[in-house]
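J.:
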Amino acid sequence: MSDETFRLRVESEIRTLPADAWDACATVSTSCVESKSALNPFVSHAFLSALEESGSVGASAGWLPQHLVLEGEDGEVLGVCPAYLKSHSQGEYVFDHGWAEAYERAGGRYYPKLQVSVPFTPATGPRLLAGSGPQAETVRQALAAGLVALAKLRKVSSVHTTFLTEPDAGALQAEGFLPRMDQQFHWRNEGYADFEAFLNALASRKRKQIRRERREALENGITVHWLTGSDLTEDVWDAFFDFYMETGARKWGRPYLNRAFYSLIGERMPERILLVMAKRAGRWIAGAINFIGPDTLYGRHWGAIEHHPFLHFEVCYHQAIDYAIAHGLRTVEAGAQGEHKLARGYMPVITRSAHYIADAQFRAAVAHYLDRERRYVAEAGAELSELGPFRQQVVADANGEP
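Rendered as structure tokens:
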């Protein structure tokens, strides 16, 4: 790569790496004034270490950390990559169960595989963490090559890197990774002064629908509160965890995150968390957790112990838009799937992943499938955008570009 010597190694625990070294690699160029705000919350040392130290991620969960570290001659950490050895395909949100079944029917062994992602988090962000210095492109390419080397060393069937930025996708494709596209629904802030200004950009029927939803959601004496920073007490986390367990058990069977995880993130990154909580008759009844990025509010999951008409839409979608407008954020990402978001101003957005398949014959079959899938995703996005609530519709990619 240059006259300098680089060294790649694998760490099985993120805590063995200093937080400032990891976060320096994870911080990218931004137009934001505060350099700290350039750090995507999900690839921060605080978030990833909370997953590991709480036991939400680890061998017992089927997510064995294999973080890739690139060092210079003097031992300086130049780049890192959050990676996990997986014994299943749960908690990823880019689905490959069909690939696993097909490969094993043909006599292959699909698991273990290597997963490069933020566990349980379908949010676009950097995965080849190379910082913003003059060597960033070189470091990114070295990390991409390192993933192929690690796959061979661990004798895995495949490497899956999900919810990628464009620079990461380009570096991985140069190493033979197959590109994949999917779709989410994101809200874009077009400089709205307030929620009413956003509503004025919608067709009349959609405006009326959202106003009705917001009005009826707060009937029965329900109030909604934004909690962040010092508001995130253990009592609040207790209430939110009850919501998460009740709703997660019904939707997924077994929720991924444990109670200790929430205490850790509340302690380590409280200013990057927004809980939107609903209260009735003096007690919390529902809530949604959001993470605050450089210019994006990331909605993650919600839960409730009481169910009221339109409360889900209010807590998860409308309040997120209110917060983004009030704080000058450009985007709201409301998580995976959900065409119901379209009517509430969240438009189709292309997301990216890249996949390294070791077996040549299997790789050819997957490549053929992905070629057809990409065409379908693009066509579906174009069709859905025409059904959106705005007077003029556009399809964007995960970087917000049309």
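One rule links them: number in the working numbering = place in the sequence shown (from 1) + 12.
Cβ coordinates follow ideal geometry from the N, Cα and C atoms, glycine included.
Every value quoted in this text rests on a predicted model; they were computed, and no experiment measured them.
1. May I ask which residues mark the beginning and end of the alpha helix (DSSP H) holding Ile-337?
2. Taking a contact to mean a Cβ-Cβ separation below 8 Å, would you say Ala-33 touches Val-40 in this structure?
3. Please look up how many angstroms separate the CB atoms of Ile-297 and Ile-317, rounded, as I've assumed it's under 8 Å.
4. Any idea what DSSP makes of Met-13, helix, strand or coil?
5. Could I get the ranges of all uninterrupted alpha helix (DSSP H) runs contained in the region 63-132, with 4 residues as the minimum, in chain order?
6. Taking the straight line between their C-alpha atoms, what separation do you get for Leu-97 and Gly-74?
7. Tell me where the alpha helix (DSSP H) around Val-389 begins and ends.
8. Does at least one heavy atom of the ligand FMN sit under 7 Å from the Cβ of Asn-302?
9. Please state the DSSP three-state secondary structure of Ser-24.
10. If Glu-351 and Glu-225 are in contact, beta carbons under 8 Å, what's the gap, nearest whole angstrom?
11. Identify the residues that DSSP records as bridge partners of Phe-303: which are they?
12. In its own chain, which residues sit with a C-beta less than 6 Å from the C-beta of Ala-181, not counting the 5 before and 5 after it?
13. Is there contact between the region 20-27 and the region 248-258, where contact requires at least three CB pairs shorter than 8 Å?
14. Considering only C-alpha positions, which residue in the set Leu-80, Ala-229 and Glu-202 is nearest to His-319?
15. Within the chosen definition, does the region 383-392 reach the region 161-180 through at least 3 CB pairs nearer than 8 Å?
16. For the 8 Å Cβ check, are there 3 or more pairs between the region 199-212 and the region 154-162?
17. Out of Gly-137, His-172 and Gly-91, which has the shortest C-alpha to C-alpha gap to Val-151?
18. Going by CA-CA distance only, name the one from Gly-67, Leu-341 and Ala-372 that's closest to Asp-206.
19. I believe Trp-416 touches Leu-286 by the beta-carbon criterion, under 8 Å. Please report the beta-carbon distance rounded to the nearest angstrom.
20. Okay, do the region 99-119 and the region 54-64 touch, 3+ Cβ pairs below 8 Å being the bar?
21. Quick one: grab the DSSP three-state call for Tyr-358.
22. Measuring straight from C-alpha to C-alpha, what distance separates Ser-66 and Asn-270?
T.: Quick answer:
1. 331-338
2. no
3. 6 Å
4. With a pLDDT of 46 at Met-13, under the threshold of 50, the modelled position of that residue is not reliable, and no figure is offered here.
5. 109-117
6. 8 Å
7. 372-397
8. Here there are no bound small molecules, and the ligand FMN is not part of this structure.
9. coil
10. With 8 Å as the limit, Glu-351 and Glu-225 do not qualify as a contact, their Cβ atoms being about 16 Å apart.
11. DSSP, once it has assigned bridges, lists Ile-285 and Tyr-310 as partnering Phe-303.
12. Cβ-Cβ distances below 6 Å link Ala-181 to Arg-364 and Ala-366 in the same chain, with the five nearest sequence neighbours on each side left out; the list follows chain order.
13. no
14. Ala-229
15. no
16. By the C-beta criterion, the region 199-212 is judged not to be in contact with the region 154-162, since fewer than 3 inter-stretch pairs fall below 8 Å.
17. Gly-91
18. Nearest neighbour of Asp-206 by Cα position, chosen from Gly-67, Leu-341 and Ala-372, turns out to be Leu-341.
19. The requested residue 416 is not part of the displayed model; the chain covers only 13 to 414.
20. no
21. coil
22. 7 Å
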